[in-house]
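Here this note's numbering is used: position 376 in the sequence shown is 400, and no number is missing along the way.
Ideal Cβ placement from N, Cα and C applies to all residues, glycine included.
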Amino acid sequence: MALKITVIGTGYLGATHAAAMAELGFEVLGLDVVPEKIEMLQRGEVPMYEPGLEELLRRHVAGIEGSSGRLRFTTSYEEAGAFGDVHFICVNTPQKHGEYACDMSYVESAFDALAPHLTRPALVVGKSTVPVGSAARLAERLAAAAPAGVAVELAWNPEFLREGFAVQDTLHPDRIVVGVAGERGEELLREVYATPLAEGSPFIVMDYPTSELVKTSANSFLATKISFINAMAEVCEAANGDVVKLAEAIGHDERIGKKFLRAGIGFGGGCLPKDLRAFMARAGELGADQALTFLREIDSINMRRRGHMVELTREALGGGGFLGKRVAVLGATFKPDSDDVRDSPALNVAGQIHLQGGQVTVYDPKGMENARRVFPTLGYAETALEAVRGADVVLHLTEWREFRELDPAVLGDVVAERRILDGRNALDPALWRKAGWTYRALGRPSA
Ligand code: UGA
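Right, dumping it as structure tokens:
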């Protein structure tokens, strides 16, 4: 009989995973402790913006016309325990308040709530990003609390999906990593991922700690790449070099590669920054802190970019204060094709300028609602054109396609001054300069 799957936690990761499992042909039950979220999902609505996810969800949610009916949602752990053969834990692990370490309380509550309902053999699969050592500890806790005892196994299966590409990354993963303690876990996960495996996705089996480390080291490597190129941007600025050309040139070396070498205002979001910090905290607990002290530097290079962008803006405005100056900000989300503003460099820069007296007006294609919630005192406009009206300087801070397609001549007619700072190195300098704009970008010569 086909496996039945539950997905616990229906945020970014869980909602996408649940819909993807239904797409792969399984009966799926999604669980969340927030009833409003469950009601939305049951109606086929996704609580965030993620390209393609709503369509995928609507193809499978029971009760929606024409759907496969394979996907349902609940708030009941009892129902989840009775339903599933494989239970995916997809709750989030945010940074602890006032500490580097990650907050494991959602993971722990999910395990504690599920375990008493596991009365028959089952596989619990952790997908959340956790400090190394968690899986071994949770496996013991699970075996002790589940009525089925050792017939309940644990596997760790980290997730590498990117926001904006979540559906694609989940249905066609570039690798499937599984940390297991026994053979049953591997067998069941091979069954769950049979379709991507048949397509050729590599399946890499290892122990618990290695699987946990794969996730945090992958994100640390990506962050290191970004901070490396941003450090080069700082040197380029000092030496009047061009970091975009530099990145292109070093990227041709296959050992270096072109991806993740886009210099700008740096990385943000709900993953990279907090994962770096949690990794450092955990290494400290293990007595291996020296191995990761370089990540502290990666973090500070990254945070420095935001301050630097504020200073460049001040310079562009003549070097004085921001009082009485109108600053248009294009972009609020931490990256394009997402409505996520968690630790967003764009919103951080907008906020800093606003707090120093600048009159900031923000426009973002999808992130307005979330941005308003986090930063209600900023000005918001309904379109890019409205945002730049009367601006003394325009800041391009999230590289949405919509911004690359803007006509500099049209914008030029409504601004007070034709000055643009490209915080993402994504606009075409020649195009803007031709239309009479002073274009400046991070890590590039000013003219
Ligand atoms: C990241 C990882 O890329 C995923 O593999 C991982 O699964 C995910 O975290 C996670 O742990 O859940 P995501 O947070 O969606 O994914 O964002 P990225 O695409 O990695 O971008 C992160 C930040 O780096 C963004 O603010 C982006 O603007 C910035 N970035 C990216 C740069 O500044 N330069 C670049 O060259 C690339």
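Helix, strand or coil for residue i per DSSP?
{"i": "Thr401", "result": "coil"}
{"i": "Leu451", "result": "coil"}
{"i": "Gln192", "result": "helix"}
{"i": "Thr117", "result": "coil"}
{"i": "Trp180", "result": "strand"}
{"i": "Val85", "result": "strand"}
{"i": "Tyr36", "result": "helix"}
{"i": "Ser251", "result": "helix"}
{"i": "Leu485", "result": "As shown, the chain starts at 25 and ends at 471. That puts residue 485 outside it, with no answer to give."}
{"i": "Thr143", "result": "coil"}
{"i": "Ala170", "result": "coil"}
Which same chain residues end up closer than 8 Å to residue i when comparing Cβ atoms and leaving out the 5 residues on each side of it in sequence?
{"i": "Arg428", "result": "Ala450, Leu451 and Asp452"}
{"i": "Ser470", "result": "Arg464"}
{"i": "Arg330", "result": "Ile289, Gly290, Pro369, Asn372, Val373 and Gln376"}
{"i": "Glu47", "result": "Leu80, Arg83, His84 and Leu195"}
Which same chain residues, not among the five before or five after residue i, have their C-beta less than 6 Å away from its C-beta?
{"i": "Tyr232", "result": "Ala159, Ala160, Trp180 and Gly203"}
{"i": "Arg443", "result": "Ala340, Val417 and Thr462"}
{"i": "Val439", "result": "Val412 and Ala415"}
{"i": "Val398", "result": "Val365"}
{"i": "Ala163", "result": "Leu178"}
{"i": "Asp274", "result": "Note that residue 274 is Ile in the sequence shown, not Asp. These residues qualify, in order along the chain: Ile280."}
{"i": "Gln66", "result": "Phe97"}
What does residue i pair with, by DSSP beta-bridge criteria?
{"i": "Ala352", "result": "Thr385 and Val418"}
{"i": "Leu445", "result": "Leu419 and Arg464"}
{"i": "Met230", "result": "Gly203"}
{"i": "Thr98", "result": "Leu55"}
{"i": "Phe112", "result": "Val31 and Val149"}
{"i": "Cys295", "result": "None, per the DSSP bridge assignment."}
{"i": "Glu126", "result": "Looking at the sequence provided, one finds Cys at residue 126 rather than Glu. Gln119."}
Check whether the Cβ of residue i lies closer than 7 Å to any heavy atom of ligand 1, and answer yes or no.
{"i": "Phe284", "result": "yes"}
{"i": "Asp127", "result": "no"}
{"i": "Arg328", "result": "no"}
{"i": "Asn243", "result": "yes"}
{"i": "Gly290", "result": "yes"}
{"i": "Arg186", "result": "yes"}
{"i": "Asp452", "result": "no"}
{"i": "Pro369", "result": "yes"}
{"i": "Leu445", "result": "no"}
{"i": "Glu474", "result": "Nothing in the structure corresponds to residue 474, since the chain is present only between 25 and 471."}
{"i": "Lys359", "result": "yes"}
{"i": "Cys114", "result": "no"}
{"i": "Ile228", "result": "no"}
{"i": "Asp363", "result": "no"}
Can you tell me which of the options puts its alpha carbon nearest to the alpha carbon of residue i?
{"i": "Val110", "options": "Glu215, Ser241 and Leu300", "result": "Glu215"}
{"i": "Pro59", "options": "Ala42, Glu78, Gly76 and Thr34", "result": "Thr34"}
{"i": "Lys151", "options": "Gly105, Glu123, Gly38 and Leu138", "result": "Gly38"}
{"i": "Ala222", "options": "Glu236, Arg199 and Ser244", "result": "Arg199"}
{"i": "Leu77", "options": "Leu466, Val434, Val238 and Asp361", "result": "Asp361"}
{"i": "Asp176", "options": "Leu138, Ala395 and Asp388", "result": "One detail in the question is off: residue 176 reads as Val in this sequence, not Asp. For the residues Leu138, Ala395 and Asp388, the minimum Cα distance to Val176 belongs to Leu138."}
{"i": "Ile32", "options": "Glu69, Arg82 and Asn116", "result": "Asn116"}
{"i": "Arg186", "options": "Gly209, Ala242, Arg165 and Val174", "result": "Ala242"}
{"i": "Arg94", "options": "Ser100, Cys126, Tyr404 and Ala42", "result": "Ala42"}
{"i": "Gly345", "options": "Ala271, His378, Val70 and Ala370", "result": "His378"}
{"i": "Glu236", "options": "Pro171, Val201, Gly206 and Phe227", "result": "Val201"}
{"i": "Ala405", "options": "Ala352, Asn394, His420 and Lys359", "result": "Ala352"}
{"i": "Leu319", "options": "Gly355, Thr337, Leu300 and Gly90", "result": "Leu300"}
{"i": "Phe135", "options": "Arg165, Pro220 and Glu207", "result": "Arg165"}
{"i": "Glu261", "options": "His332, Glu278 and Ser100", "result": "His332"}
Given 7 Å as the limit, tell me if residue i has its C-beta closer than that to any heavy atom belonging to ligand 2.
{"i": "Thr153", "result": "Of the ligands one can find in the structure shown, namely ligand 1, none is ligand 2."}
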